[in-house]
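Here is the structure we will look at.
Residue numbers (full-length UniProt numbering): 1 to 721.
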């Protein structure tokens, strides 16, 4: 089997848990007769982007400025994925893999998976996709007591989508699998495949541990730093502690003391402060010298809740350190059943710590039993066997079946639907863009919602033709009621809604029909990227309709190629007369009813942005009514068990974000939590401002679902506290 591994971290170009997995999995799979190729990337602004191929390693050096030039508004991870796509396809053409394996981290295969679902790849580039759950960034925020900004939420949502779209999902532990289910819902194609580990000292003999303690990993709340301090303070009251070594980079602490070292020294018992050694980040050789080589070994501390696997635990165990572990985490699965009682309880109740410590301190039997169980769980040969079994159905020859021939949709199957009220001259631009389509035959149906301006009425009379039908209503009922009327009279199987001041690319109809006819998941609608014009020229590529983030952030409009039957089923509500996110409500109900949409990654829809339009600026009434609609969709989805549990976490997190902003700390904390690239994205795309424009909706959802937050609702629309 030929495998192409796509990851931002590999053993060729970096460190970390994914790089360690890359090293050991490649070794295990190669030993089993498989051929493994690797595609990775790094940022180098010293020259143009270039792909360097060395043996079985494809190394893309990216000039980051080129990404921002093409995708100036982000979201960065989606932009990066589409930027990587042609280079990934080149690697596929070169290696012809049987499967492609990638990580959920950063979602690098998001664009490839989207194009594969669309049916727009060449047959030789269409390969099964396995995504390994190495850990969601959202889980790191959660465990680190950090609130992601709206930008960060949108930016990381594709990590869940890439799992939902995968042919096969590997979770390295049962704990990781439960996290995937909590974040993504029940995936039908998920298997637990523990990562392989090559033990450096299989014959090591461990005597009674000494009184030293060590931690290997980033010094952060998410890695269990707070638990470590708590643990040592309690242990210090009844057991000797000769030394404490904390090995790893010091992270930002999201509490009042932000420096990790200062945080530890402030909270730990005073008699332990001089016994702590903060090493900072070390190389592998330095770690070996410090933790592996000395004869005397003590205890390792392993209290990180979000880990999906934890190679640091295995390395310390391999070095000879006796482990303290936390129940309810991936580490707990390294313990045989009869030793589970010696884990620290999940709620960190340390009342039994004296008994646990007594058992671990007696000698080497505990260490040996944990090591032997871990070695069995991580056996490289077993990993390869499990890998083969899990993917065998993806690569075995497909049985020939008689295909049901579907008549491809054509332009004559499409009607453009347009609701209008007193249209001005801009409607001619809209119609010209429709008339300029590269394929002909589509009809246009315009419904005038009680237009009463004589110039507009005359304009509509002149527009009417054999291709363009105009229906006039004497009464004004609003956009949603008029759209409903259009759906009722539409006779074609496919429709495209257009506002009377927007335009589309000349290839819009041709290309959306191609995707509708070729997609592999029976999509009921085809969306495209959006290019704004007028007040701004933003390129909007965000595609989150398959993730729960769509309940919190919407970038979709109604212009899409869509089955008229789906339109009739979802439809619009005539009672919605104030522009309360009717498009958003439509697509949420579209999902709710089981319909699916494909995304064509080209900016074929041109959306006019003008001050004073129905959706900009947002009013308090629109925010309140939108919140009511969204809360209904959330409650309905919950009853149908279609919404992952973590959506409620996001809603309550938004509440706390508002409170921070009200107290003047939100923006500074949000920016501090971003890395350099994301800070640049905020500046380039003005995402903080955009997020604030979106926040009134989230604020109102909270007000509806949690009645005690009226102060938040007032703040979200600019009211005083």
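Ideal Cβ positions, reconstructed from N, Cα and C, are used throughout, including at glycine. Just so we're clear, the structure is a prediction, and the values are computed from it rather than from any experiment.
In or out: residue i buried (at least 16 other Cβ within 10 Å) or exposed?
i, result
"residue 50", "exposed"
"residue 26", "buried"
"residue 389", "exposed"
"residue 380", "buried"
"residue 152", "buried"
"residue 124", "exposed"
"residue 365", "exposed"
"residue 11", "buried"
"residue 70", "exposed"
"residue 101", "buried"
"residue 438", "exposed"
"residue 535", "exposed"
"residue 331", "buried"
Output the boundary residues of the alpha helix (DSSP H) element that contains residue i.
i, result
"residue 197", "Element bounds for residue 197: n/a, residue is neither H nor E."
"residue 373", "365-377"
"residue 316", "311-319"
"residue 766", "Missing from the structure shown is residue 766; the chain here goes from 1 to 721 and no further."
"residue 342", "Per DSSP, residue 342 belongs to no alpha helix (DSSP H) and is neither H nor E."
"residue 143", "137-143"
"residue 464", "Where residue 464 is concerned, there is no enclosing alpha helix (DSSP H), given that its DSSP letter is neither H nor E."
"residue 383", "380-395"
"residue 643", "Element bounds for residue 643: n/a, residue is neither H nor E."
"residue 175", "174-184"
"residue 517", "508-518"
"residue 488", "479-489"
"residue 86", "76-95"
Tell me the DSSP secondary structure of residue i in three-state form.
i, result
"residue 113", "helix"
"residue 722", "Residue 722 lies beyond the residue range present for the chain, which begins at 1 and ends at 721; the question has no answer from this structure."
"residue 356", "helix"
"residue 459", "helix"
"residue 552", "coil"
"residue 592", "helix"
"residue 335", "coil"
"residue 598", "strand"
"residue 234", "helix"
"residue 206", "coil"
"residue 28", "helix"
"residue 525", "strand"
"residue 603", "strand"
With DSSP as the reference, identify every bridge partner of residue i, one or two as the case may be.
i, result
"residue 563", "494"
"residue 214", "245, 300"
"residue 42", "61"
"residue 54", "57"
"residue 250", "219"
"residue 414", "494"
"residue 539", "531"
"residue 284", "Per DSSP, none; premise fails for residue 284."
"residue 323", "300"
"residue 439", "Answer is none; residue 439 lacks a bridge partner."
"residue 608", "533"
"residue 445", "417, 469"
"residue 168", "130"
"residue 229", "Answer by DSSP bridge pairing: none, since residue 229 is not bridged."
Nearest by alpha-carbon distance to residue i: which of the options is it?
i, options, result
"residue 558", "466, 606, 207", "606"
"residue 466", "406, 415, 67", "415"
"residue 339", "320, 347, 359, 352", "359"
"residue 184", "568, 652, 651, 641", "641"
"residue 203", "392, 371, 520, 232", "371"
"residue 126", "93, 107, 208", "93"
"residue 165", "172, 173, 130, 137", "130"
"residue 574", "259, 483, 7", "483"
"residue 298", "275, 210, 449", "210"
"residue 421", "474, 604, 393, 157", "474"
"residue 375", "332, 318, 277, 509", "318"
"residue 460", "494, 490, 423, 487", "423"
"residue 544", "588, 517, 284, 620", "588"
"residue 174", "190, 160, 595, 168", "190"
"residue 462", "477, 495, 425, 486", "425"
What are the start and end residues of the beta strand (DSSP E) that includes residue i?
i, result
"residue 103", "99-103"
"residue 277", "276-280"
"residue 473", "468-473"
"residue 191", "190-192"
Hey, is residue i close to the ligand MG, as in C-beta under 6 Å from one of its heavy atoms?
i, result
"residue 311", "Among the ligands in the structure shown, none appear at all, so the ligand MG cannot be discussed."
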